[in-house]
Amino acid sequence: MLPNIAIHQLINQNVNEWFTCADINSKQEIVCGTDQGIIYQTQSSTNENSSNYKQLIGHTKLISDLCYYDPNGCYILSCSADADIRLWRSFSSNAITIYRSHLSPVWCLSAHFKSDRFASGSMDQSVRLWTPDRLDTLRTFIYHTDDINSIAFHPNGKYLASGSNDGLIILWALEQAQPARIFKSSSNVEHLTFTSDGNHLVSINHNHEQKSDSISMWDIRSVNEIYVVQNIPSHRRLLKSCQIQNTNKCVIGFNKSLLFFDINNQQETNSLFRSEFSNADIKRLIHISSNESNKLIGIIE
Numbered sequence: 001m002l003p004n005i006a007i008h009q010l011i012n013q014n015v016n017e018w019f020t021c022a023d024i025n026s027k028q029e030i031v032c033g034t035d036q037g038i039i040y041q042t043q044s045s046t047n048e049n050s051s052n053y054k055q056l057i058g059h060t061k062l063i064s065d066l067c068y069y070d071p072n073g074c075y076i077l078s079c080s081a082d083a084d085i086r087l088w089r090s091f092s093s094n095a096i097t098i099y100r101s102h103l104s105p106v107w108c109l110s111a112h113f114k115s116d117r118f119a120s121g122s123m124d125q126s127v128r129l130w131t132p133d134r135l136d137t138l139r140t141f142i143y144h145t146d147d148i149n150s151i152a153f154h155p156n157g158k159y160l161a162s163g164s165n166d167g168l169i170i171l172w173a174l175e176q177a178q179p180a181r182i183f184k185s186s187s188n189v190e191h192l193t194f195t196s197d198g199n200h201l202v203s204i205n206h207n208h209e210q211k212s213d214s215i216s217m218w219d220i221r222s223v224n225e226i227y228v229v230q231n232i233p234s235h236r237r238l239l240k241s242c243q244i245q246n247t248n249k250c251v252i253g254f255n256k257s258l259l260f261f262d263i264n265n266q267q268e269t270n271s272l273f274r275s276e277f278s279n280a281d282i283k284r285l286i287h288i289s290s291n292e293s294n295k296l297i298g299i300i301e
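Residue 1 is where the sequence shown starts when you use full-length UniProt numbering, and the numbers rise one by one after that.
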């Protein structure tokens with residue numbers, strides 16, 4: 001059974017500014033980052049105008065990732081090509097904490113509400129573990145040999161997965177600060193999502209030479225790639241995926257569609273269900289994320 005999808009239109013009227021990432025909390029408050037380093041936050045509703053957004057200003061370069069940090073949506077984490085990570089109070093113009101440890105742009109974030117920790121991945125090839133009350137890192141994980149594109153906490157909070165342009169997916173044991181599993185992809189790993197039960201990991205991969213994307217499903221226990229959808233033309237670039245809570249389904253943004261990926265059904269013809277956007281003015285879906293209430297937010301152009 002697929003979840004109901006509520007669609008809200010948020011229009012950025014600055015033609016020189018582009019949305020790059022977004023998140024939504026349980027109160028339907030949407031936060032969006034832009035390529036100009038500005039974060040906008042607004043209540044989710046139709047007919048919103050960019051002039052009504054609250055601006056969170058501090059980053060000096062592209063916002064590469066952001067997320068609500070707590071279940072109540074009172075705090076926001078953001079990272080940027082300026083190499084900073086910032087913690088914001090919701091609807092506050094200035095950051096309350098700035099975390100500076102990475103040596104290069106920070107591309108991705110992941111937060112684990114229950115353990116009160118978050119992690120970051122960077123162009124400097126490192127993954128770092130943080131807690132909000134410390135300016136220095138709890139752990140630094142070194143193994144990758146290229147940019148870290150995506151990180152994701154395991155549902156139990158004891159492990160963290162990282163994906164890189166080096167083609168590796170590493171499952172880190174957080175307390176030991178050592179790899180517990182290493183998965184090898186033949187392509188750049190663009191995005192990672194755990195299933196709700198924590199037994200499988202879904203990756204979105206991009207092959208620059210073949211100019212194609214793929215979806216892989218990995219078994220955490222056996223370290224095997226047990227399912228793959230290959231040769232998706234890169235002009236239909238898969239940029240983001242997210243899990244549907246308490247189910248073994250993932251949602252993947254695909255061109256002008258949402259792909260619902262059923263982990264329990266490994267036959268390709270039955271495991272993918274596509275929901276298309278009918279608006280002819282929509283060129284493509286460029287971002288997809290979800291909250292714990294299974295509300296989906298997409299950025300389209």
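Every residue, glycine too, gets a C-beta built ideally from N, C-alpha and C. Everything numeric in this text was worked out from a predicted model, so none of it was measured.
For residue i, tell me which candidate among the options has the shortest Cα-Cα distance.
i      : options                           : result
Phe141 : Glu29, Arg134, Arg86 and Gly163   : Gly163
Met217 : Ser115, Leu174 and Lys184         : Lys184
Asn16  : Ser101, Leu62 and Gln176          : Leu62
Ser115 : Gly37, Leu174, Asn205 and Arg221  : Leu174
Ile57  : Ser92, Leu66, Lys27 and Asp70     : Ser92
Ser186 : Asn156, Asn207 and Tyr143         : Asn207
Val229 : Ser222, Leu259 and Val223         : Leu259
Ile148 : Phe118, Tyr68, Gln55 and Val189   : Val189
Lys249 : Gly198, Gln125 and Asp213         : Gly198
Arg134 : Ala83, Arg100, Ser126 and Val31   : Arg100
Asn231 : Arg221, Tyr53 and Ile215          : Ile215
Tyr69  : Asp84, Tyr53 and Ser90            : Ser90
His191 : Ile288, Glu209, Ile220 and Arg221 : Ile288
In or out: residue i buried (at least 16 other Cβ within 10 Å) or exposed?
i      : result
Ile182 : exposed
Ile24  : buried
Arg128 : buried
Gln267 : Caution applies to Gln267, whose pLDDT of 49 falls short of 50 and renders its modelled position unreliable; the model cannot decide the point.
Leu201 : buried
Arg86  : buried
Thr195 : buried
Glu29  : buried
Val178 : What sits at residue 178 in the sequence shown is Gln, not Val. Flag for Gln178 reads exposed.
Ile98  : exposed
Ile252 : buried
Ile96  : exposed
Ile226 : exposed
When you compare only the Cα positions, how much space is there between residue i and residue j?
i      : j      : result
Thr60  : Ile169 : 30 Å
Leu160 : Lys211 : 29 Å
Arg139 : Ile204 : 26 Å
Gln36  : Pro105 : 14 Å
Thr34  : Leu77  : 14 Å
Asn94  : Gly157 : 29 Å
Ser120 : Val223 : 24 Å
Ser122 : Ala152 : 14 Å
Ile39  : His112 : 22 Å
Gln43  : Asp82  : 27 Å
Ser137 : Val31  : For the record, residue 137 in the displayed sequence is Thr; it is not Ser. Whole-angstrom Cα-Cα distance: 25 Å.
Gln55  : Cys67  : 15 Å
His102 : Leu171 : 20 Å
Tyr75  : Trp88  : 6 Å
Ala180 : Phe19  : 35 Å
Gln125 : Ser150 : 11 Å
Asp213 : His154 : 24 Å
Thr193 : Gln41  : 25 Å
Spatial neighbours of residue i within its chain, please: CB distance less than 6 Å, with the 5 preceding and 5 following residues excluded, ordered by chain position.
i      : result
Lys27  : Gly73
Asp65  : Cys21, Cys79, Cys108 and Leu109
Glu166 : Note that residue 166 corresponds to Asp in the displayed sequence, not to Glu. Closer than 6 Å at Cβ, skipping near neighbours: His144, Thr145 and Asp146.
Pro71  : Phe113
Comparing the C-beta of residue i with each C-beta of chain D, is any distance below 8 Å?
i     : result
Glu17 : In the displayed structure, chain D is absent; only one protein chain is listed.
Note down, in chain order, each residue of its chain lying with its Cβ closer than 7 Å to the Cβ of residue i, except the 5 sequence neighbours on either side.
i      : result
Thr131 : Asp116, Arg117 and Leu138
Q: Enumerate, from N- to C-terminal direction, the unbroken beta strand (DSSP E) stretches of 3 or more residues contained entirely within the UniProt repeat "WD" (56-98).
A: 63-68, 75-80 and 85-89
**Q.** Ranges of the alpha helix (DSSP H) found wholly within the stretch 145-188, counting only runs of at least 4
**A.** none
Q: Could you tell me which uninterrupted beta strand (DSSP E) segments, each at least 3 residues in length, are contained entirely in the UniProt repeat "WD" (99-140), listed from first to last along the chain?
A: With a minimum length of 3 residues, the continuous beta strand (DSSP E) runs that stay inside the UniProt repeat "WD" (99-140) are 106-112, 117-122 and 126-130.
Q: Would you mind listing the beta strand (DSSP E) stretches within the stretch 15-48 that are 3+ residues and don't spill past its ends, in chain order?
A: 19-24, 29-34 and 39-43
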